[in-house]
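Going by the working numbering, the sequence shown wraps up at 198, each residue one higher than the last.
Yeah, the Cβ is synthetic: ideal placement off N, Cα and C, and Gly gets one too.
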Amino acid sequence: MVNFKNLANTLTLARIGLIPFILITFFINYPTPRLIAACLFVLACITDYLDGLIARTFNQETRFGEILDPIADKLLISSTLLMLVGFDRISKFSILAAVVILCREILVSGLREYLAEVKVLLSVNLLAKVKTTIQMLALAVLLYIDPQHSPVALQVMGELLLWIAAGITLYSGWIYVQISLNVASDNSSA
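So, in structure tokens, the structure goes:
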């Protein structure tokens, strides 16, 4: 049951709830659903910003929210990327950027689990926030455009942002791997 006393967690759950509506729009091949998908996606992205702001401002930070927020982000980004690939809305070359992003998300989720077991909290750093913001911008653009009819510049911009996000994703993922390796090394020598 949703706890409306904790608006931050409710916004995070709302972000997850928007995902099916975004995905449904892929099955309707007209400009209006693409605009709706982009708007819903942007709304979901706004909830990502607001849930953290509200949690910190109104002392609504919870362990549940700490765990659920990155999961909601991963669900939103991953499902949107998969649909863009599945519906040929990004170029074959940029599918590699999508794969990099998805693999990093799985890797970091696993590392977070490992670190939680050894009582090390892997907090979100500024680079990860920049990565998420650029991913969200890229996906909003790619959701809106029609690859066959939109200006090529918009497609290029969306895919360029996706590649920038993939590059940051690789780098920030490497940072998480190094942290985990250091923790593993410290635990094996203890």
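Assumed close pair residue i, residue j - CB separation to whole angstroms, cut-off 8 Å
i    : j   : result
F95  : F34 : 5 Å
Y179 : R42 : The pair is not a contact, with the Cβ atoms about 31 Å apart (cut-off 8 Å).
T20  : D77 : 5 Å
Chain-order list of residues whose beta-carbon lies under 7 Å from that of residue i (same chain, five-residue window excluded)
i    : result
T141 : none
A63  : A16, E69 and G73
Q143 : I85, I109 and A173
E167 : I98, S99 and S102
A46  : A148, L151 and Y152
L51  : L26
N195 : V126
M165 : V149
Terminal residues of the alpha helix (DSSP H) in which residue i lies
i   : result
F49 : P39 to T65
P28 : L15 to I32
Close-in-space but distant-in-sequence residues of the same chain around residue i (CB under 8 Å, 5 per side omitted)
i    : result
I176 : L135, V138, K139 and I142
I36  : none
V185 : L115 and L119
L123 : L129, L130, I187, S188 and V191
Chain-order list of residues whose beta-carbon lies under 6 Å from that of residue i (same chain, five-residue window excluded)
i    : result
L22  : According to the sequence shown, residue 22 is Ala rather than Leu. Result list for A22: T55, in chain order.
K127 : none
A80  : T20, R23 and I24
W171 : A105
Identify every run of the alpha helix (DSSP H) within the region 69–146, keeping only runs that are complete inside it and at least 4 residues long; order them along the chain. Taken in chain order, the complete alpha helix (DSSP H) segments of 4 residues or longer contained in the region 69–146 are 71–94 and 103–125.
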